[in-house]
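Take a look at the structure set out below.
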Amino acid sequence: MVDIILRINGATCTGSPEARKTLADFLREDLNLTGTHVGCEHGVCGACTVIVDGRAVRSCLMLAVQAAGSEVTTIEGLAPDGGLGPLQQAMWDSHSFQCGFCTPGFVMQAAAFLSDHPDADERQIREALAGNICRCTGYQSIIDGVLLAAERNRER
Amino acid sequence: MAAIAAERYTGASIKRSEDPRILTGAGRYVDDIKLPGMLHAAFVRSPMAHARVLSVDVSAARALPGVVAVLTGADLEAMTVPGPDALMALMGWAGPTPEFTLLATDRVRFVGDPVAVVIAESRYLAEDGCDLVEVEYDDLPPVANASFALDPGSPPLFANLGDNIARPHARSEFGDVSAAFASADRVIDFRIDVHRHQNAPMEGRGCVASYDAGSGVMTMHAATQSVHVSRIAVAMRLGIEPDKVRVLAGDIGGSFGLKIGASREELAVAAASRAVGQPVKWVEDRGENLAASGQAREESFDVRAAVSNDGDLLGLDVKMVIDTGAYPGMGAMVPAIMEAMLPGPYKLAALGFESTAAITNKASYVAYRGPWASETFVRERVLDLIAKDLGLDPVEIRLRNAAPRTDPPAVMITGRPLVGVTTRESLERVAQLVDIPAFRRRQAEARAQGRYLGVGVATFIEAAPGPRSPEGPSGPMGMESMRLRLEEDGIVALFTGQMPHGQSHQTTLAQIAADEFGVPFEQVRVVIGDSDVVPFGLTGGSRSATMTGGVALHGARQLKAKVLDFAAHLMEASAQDLLITDGNVWVRGDPASAIAVSEVARRAASGQFGADVDAKLEVEATFDGGEGGWSGGTHCAIVDIDVETGIVKVERYVAVEDCGALINPAVVEGQIRGGVAQGIGAVLLERSAYGEDGNFQSATFMDYLMPTACDVPRIEIEHLETVPLDADVNFRGVGEGGMIVAPPTVVNAIEDALSPFGVRIYEQHLPPARILELIAAVDPGRGG
Amino acid sequence: MKLPYVEYEAPTTVAEAVGLLAEHLDQASVLAGGQSLIPLLALRLARPAVLIDINGIHELSGVSATDGRVAIGAMTREYVAEESESVADTVPLLAAALPLIGHEAIRSRGTVGGSLAHADPAAELPAVARALDAEFVVRGQSGMRVIPAAEWFEGYLTTSRRPDELLVEVRFPAAGRGTGVSFQEVTRRHGDFAIVGLAASLTLSDGAISDARLAFAGMSDVPVRAAAAEELLAGERPSTELFDEAARRATRDVDPPADLHGSSDYRKTVAAVMVRRGLRAAADNARERQ
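From first to last, the protein sequence lines are chains A, B and C. Residue 1 is where the first sequence starts when you use my numbering, and the numbers rise one by one after that. Residue 1 is where the second sequence starts when you use my numbering, and the numbers rise one by one after that. Residue 1 is where the third sequence starts when you use my numbering, and the numbers rise one by one after that.
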């Protein structure tokens, strides 16, 4: 067991995970933040994407102990008070998702990408999200949600 | 036709009520469930395709701190009741059934076959325990594919079956097959192969089983397409009375046919929880999902087609072999559906069909979105091959062969009437949208520059739920039930056995009920996922739009009538003079009389009315599908092939679909696009790969490749004006269509792109290496 | 798919890390970005007794350009190298390859040193390192060694790093005047490993090729230079016929692996295509940079 302190969604958290425990499992099991989903455990599907120190990462490919001292944002913390932030709202308006299992990973990856590339076009958005797998939607509605969020952001 | 008052919701892309929780990580999937004292299961799985199990030594695993129990196949056999697969039994399977145990006992039959289960304090520890289980195997020659299975010399995989053939399907003939072939100008014959691929939902299978010894109740938190079918499956196998099993389901991360009933592993976990006296969770990881959850579509077809020189498809004679894998699944039932559907929306006058189902050392063949889909693949490939031989345009040959819309409707040679089928219209509309002549010019210019573009078209129908049968509804899927209740707080609650896993039923059913009953959308709640509370139902087969939409419509109407009868007492008016709009009951012509529906409900629940007043504001509604009907359409793909590398890009994709009246266009379009994406994946990327030695080769997402946002183009969708068939319920299902018709659409486009090389395609999986092989086979100077 | 039990060490200096490696040797795995190692652990294909997490050794990160080369600390994140102006200006072939590595989230954690120490022959960075004759700086009990790329890649996922050694830095030579580059790859999907990839660099001097580097990804158990093609190209003027012949020579004596994604013949065919396209693109790039 390794004692760690880190900040999750703006709050300081402590834990004592085994070194081998992934950040994904630590979030889900130790902190009861089950919004981050596990889809493959080998870094391909992107369902586990969270933001660590400002960068989108696959939480199944990080050990919890490696997040010690870091700022982690999960889907639960993306919008204040568990409401819907602008990206989430745009995705709701665009019927972006169906079963919802891939959703947290897509939202976090899109959020990270848009904050660095607010004027991305469709092709760039598709490439940025090509590392997240959705089985239900065929992606178009997700891309539309991201495009809508970007457009609304520019209008603000 | 009774008009729906204030038709505000139905037909509009109302935002989903599921989304606020989905978008904020507040969904509740089975792996999110935590119960006090909950333990975790992991399975020891066979690395061999076929072997005798000589010994299973669990002593070291049992001794590992944190491991609570280790159960072998023999242990589980002793604590469960043998029997058939519950879904097969439910669907009336009467054919030979292999006897199987939940975990392998004396024999393993595919790579991934579970041999033992370790129950521990965490999944990490359970897997550590699995590492310590020592299994001694004695390798047996694998029945590696269907041709091995069909060899009478191959040793039977199941002792109680004489051979490895699950369902020899005697030949059936429809129409005069020999006359059709005798009169044909030409007979073409070839073999078409569809490869093994699989559902691969983003969430795998899983459950949390919790047995309460005091009450004898087994509670299963499940990821399932039907809580009742799961309940029956668990009850049967565990020898528990069905009313002492409760199945709960929350959000489900996709399924596409995979999660129906209860798998061997889920049943083992349920039994284990009873044995250890604590809740046990099992959630499969991706390796298990790919290797062991089941696969689909591996079928081969020897096809003979009788053709006229003008392009009429006069007759088809098909011999099918389906590779059903090792343990029983619904694979053996698929050929019958294919036979029934093979004529499609065409004038096919003669069909001969026979099939064989082979048992092999692979994971089970399971239902995957449109399990019978290969009939469309075969038929739509045949039409294109004929068109090429005769120099006909692909749209032209389909228009020529399409059954006209007549009254009475044309009847498929296999029996079902093509009521309301708009194949011609969808073909013509696709041709307009795509402007194929303009494409041909662009194609020619591109070829001159060494670029290879192709266009492909395919058309389909699916029984969604199918036209009304003269014999009436049959089987457990023939009638849909729903309980509707006006709750004390004014909520209109719909209790349905539907178990959405992406279909958005909590939104679409509420739209219908809100319109029909007269309350705002937010005042309807769709209750799902508790077998103690919901009636029987199953989400699948593209039937819920009609069956459940219909029972919601009629049920809401019935509930409204009951509520108005009661309100009449409150308002001292005649029920006929009462309306419900916007959540208020009021007397026609007197808006000031309005009482909130919630107030009516409160009064009904207050108990102040005597026996002469029916204050129980609840109805049990059933619906048999009404006139039912088909969904269908025509899809078109344009592909761009790099013939030096074999990489195929789908440049454009157009779908013209007819699924009757739309409840929620965004939901419909999402279903179509998701199905098309799976079809593109099947052709270009996905293959569940087994070697000749039975070894499983696609056990991670690095080898089983799923289509991504860069692989699926924008899919342009147009809906056809529907042909209303029923007085009230003209919603038809759309869940499976995209996946049924996209593979032939894309393959037809690929063949068109490669036609300068003389390529003809008789298979569905076309990765880059295969594209080059196909070119080289015809044109050895090119390709690899 | 949970990781097996491991002991965990998190040294904060190179010396500490080397000490731990010397103690545990083959029983230890170095954890850098984790994007390759953690999947292996999750699949229980790798079972080290000890994980030595070097993410806390801050001296191992950084890009510095000195005369004639760029030195990249082994723990430099791939995204940092991707955003580095030094890399873009000085080692354009590396800059061309970096965006092709997986997806952004992978590059957030993956490291330049980690990828090169893992040495997947289908990965982009090993081909670049081999093409450019990069140098690998390791530190072990016996001190520092500098290993040229030709000697670094020994076999499938195997390098000449000794068990007690830590890769600390990789040095890439600066591209000279008139150098054009191209990284070509055939992937099943955007972001996937290359079925076949080619790192190409051409230097033009008075219109003739003064230096040609071609290194394949995915054609062997290590990245391989197409030496016969390079020899052919030296001193010649770019032309379609020359590049066609280079493609033939580059693939004449190869025996690439076969797997689910491509047969050996397929890889051979596509490798030739990569050479033609890569040389054309590198030549165009060279003219642009003149």
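Glycine included, C-beta positions come from ideal geometry on N, C-alpha and C. Since we're looking at a predicted model, the values are computed, not measured.
Beta carbon proximity, Met38 (chain B) to chain A, threshold 8 Å: no
DSSP three-state assignment for Gly783 (chain B), whether helix, strand or coil: Summary for Gly783 (chain B): the model assigns pLDDT 48, below 50, so the residue's position carries little reliability; its value from the coordinates is reported in the next sentence. Three-state DSSP puts Gly783 (chain B) in coil, outside helix and strand.
Residue burial classification, Tyr156 (chain C) (beta-carbon count within 10 angstroms, cutoff 16): exposed
Burial state of Ile5 (chain A) (16 or more Cβ within 10 Å): exposed
Contact check, Ala786 (chain B) vs Trp282 (chain B), beta carbons under 8 Å: Nothing about residue 786 (chain B) can be read from this structure; chain B reaches only from 1 to 784.
Chain-ordered residues of the region 26 to 46 of chain C with a beta carbon less than 7 Å from chain A: Going along the region 26 to 46 of chain C in chain order, one finds Gly34, Gln35, Ile38, Pro39, Ala42 and Leu43 with a Cβ nearer than 7 Å to chain A.
Start and end residues, alpha helix (DSSP H) containing Tyr29 (chain B): No alpha helix (DSSP H) holds Tyr29 (chain B); DSSP gives it neither H nor E.
Bridge-paired residues (DSSP) for Phe731 (chain B): B:Gly660
CB contact below 8 Å: Leu61 (chain A) versus chain C: Leu61 (chain A) counts as touching chain C.
Check whether Cys40 (chain A) and Cys99 (chain A) have beta carbons under 8 Å apart: no
Buried versus exposed call for Asn309 (chain B) [16 or more other C-beta atoms within 10 Å across all chains shown]: Around the CB of Asn309 (chain B), fewer than 16 other CB atoms lie within 10 Å, so the residue is classed as exposed.
Amino acids of chain C, ordered along the chain, whose beta-carbon sits closer than 7 Å to that of His37 (chain A): Chain C residues near His37 (chain A): none, gap ~14 Å exceeds 7 Å.
Cα-Cα separation between Ala6 (chain B) and Trp92 (chain A), rounded to whole angstroms: Note that Ala6 (chain B) has pLDDT 47, beneath the 50 cutoff, so the model's placement of it is unreliable and no number is given.
Contacting positions in the region 282 to 297 of chain B - beta carbon closer than 7 Å to chain C: When CB distances to chain C are screened at a threshold of 7 Å, the residues of the region 282 to 297 of chain B falling below it are Asp285, Arg286 and Gly287, in chain order.
Lys649 (chain B) - partner residues in DSSP beta bridges: B:Asp640
Neighbouring residues, chain C, relative to His117 (chain A) (Cβ below 8 Å): Near His117 (chain A) there are no residues of chain C at all, since even the closest Cβ is about 10 Å away, more than 8 Å.
Per-residue burial, Thr158 (chain C) [other beta carbons within 10 Å of its own, 16 or more giving buried]: Thr158 (chain C) should be labelled exposed.
Which listed residue (B:Gly95, B:Asp31, B:Gly502 and B:Gln558) has its alpha carbon closest to that of Ile22 (chain B): B:Gly502
Which listed residue (B:Thr539, B:Trp372 and B:Gly175) has its alpha carbon closest to that of Ile413 (chain B): The residue among B:Thr539, B:Trp372 and B:Gly175 with its C-alpha nearest the C-alpha of Ile413 (chain B) is B:Gly175.
Reference Ala709 (chain B), options A:Gln124, A:Glu155, A:Ala149 and A:Leu148, closest by Cα: A:Gln124
Interface flag, Ile106 (chain C) vs chain A, CB-CB below 8 Å: yes
Beta carbon proximity, Arg673 (chain B) to chain A, threshold 8 Å: At least one C-beta of chain A is nearer than 8 Å to the C-beta of Arg673 (chain B).
Alpha carbon of Gly207 (chain C) to alpha carbon of Ala88 (chain C), nearest angstrom: 24 Å
Meets three-Cβ-pair contact criterion under 8 Å: the region 653 to 665 of chain B and the region 578 to 589 of chain B: no
Within 9 Å of chain A by C-beta, residues of the region 7 to 27 of chain B in sequence order: Ser13, Lys15, Arg16, Glu18, Asp19, Pro20, Arg21, Ile22, Leu23, Thr24, Gly25, Ala26 and Gly27
8 Å Cβ shell around Gln27 (chain C) - same chain, five flanking residues per side excluded: Pro48, Ala49 and Val50
Arg154 (chain A) classed as buried or exposed, judged by whether at least 16 other C-beta atoms fall within 10 angstroms: exposed
Distance between Ala292 (chain B) and Arg109 (chain B) (C-alpha atoms, nearest Å): 11 Å
Segment contact, 8 Å Cβ cut-off, at least three pairs: the region 73 to 91 of chain C with the region 165 to 177 of chain C: Touching, per the Cβ criterion.
Per-residue DSSP class, three states only, for Gly100 (chain A): coil
Through-space distance from Leu484 (chain B) to Ala11 (chain B), alpha-carbon basis: Per the sequence presented here, residue 11 (chain B) reads as Gly, with Ala not at that position. Answer to the nearest angstrom: the Cα atoms are 22 Å apart.
Within-8 Å CB hit, Val6 (chain C) to chain A: Taking a beta-carbon distance threshold of 8 Å, Val6 (chain C) counts as an interface residue toward chain A.
Chain C within 8 Å of Tyr124 (chain B), Cβ atoms only: yes
Test: Asp323 (chain B) CB closer than 8 Å to a CB of chain A: no
Validate contact between the region 207 to 222 of chain B and the region 31 to 42 of chain B using beta carbons, cut 8 Å, 3 pairs: Yes, since at least three Cβ pairs between the region 207 to 222 of chain B and the region 31 to 42 of chain B fall closer than 8 Å, the two stretches touch.
CB contact below 8 Å: Ala130 (chain A) versus chain C: yes
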